[in-house]
Ligand code: THU
């Protein structure tokens, strides 16, 4: 169920994000977000937005999930599901912010990577990262292509 030709189980990814929404820490904005990211290993990593009394120190759910995956040795995102809304409710589709789109860009093939913003397990919008962040700037634009520099 929910598995298209690309083998991405959208329902499972959305469900994982929904289950973790309760962990979002957003006492200042009152807007709670949760993300679940599927990596090419087949593993799913979660993240929620975590705010701070010093406002700019907070982080979005999407980046938290991606950094969680990268910190566990992962490097390639296949898909991410995002849910959120005021006071831990899901009223509308929650689209990723510009900074999170750029962070996704670092670890995927933009024409293939799926961004899923969901209102429920079956009610969701889906776009590729390339559609959300066209003509993007990525690792290949740099001489070292994201590899460690020799100094
Ligand atoms: N937020 C996310 O976690 N992801 C997004 O893509 C949009 C915004 C968070 C950041 C902040 O904690 C709260 O939502 C309000 O902006």
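Numbering (our numbering), first residue to last: 4 to 154. Beta carbons: idealized from backbone N, C-alpha and C, even for Gly.
Here residue 85 is not near residue 110, since their CB atoms are 8 Å or more apart. In this structure, 32 is the residue among 67, 44, 32, 36 with its C-alpha nearest to the C-alpha of residue 56. Residue pairing by DSSP places residue 37 opposite 51, 86 in a beta bridge.
Taking a cut-off of 8 Å for Cβ pairs, the region 129–149 and the region 92–109 touch, as three or more such pairs fall below it.
Residue environment analysis places residue 99 among the buried positions, since at least 16 neighbouring C-beta atoms fall within 10 angstroms of its C-beta. Within 10 angstroms of the beta-carbon of residue 132 lie 16 or more other beta-carbons, which makes it buried.
In this structure, residue 35 and residue 95 do not form a Cβ contact; the two beta carbons are roughly 13 Å apart against a cut-off of 8 Å.
For residue 82, the closest C-alpha among the options 23, 54, 113, 145 is that of 113. With fewer than 16 other beta carbons inside 10 angstroms of its own, residue 125 counts as exposed.
In terms of CA proximity to residue 69, 47 leads the group 23, 27, 135, 47.
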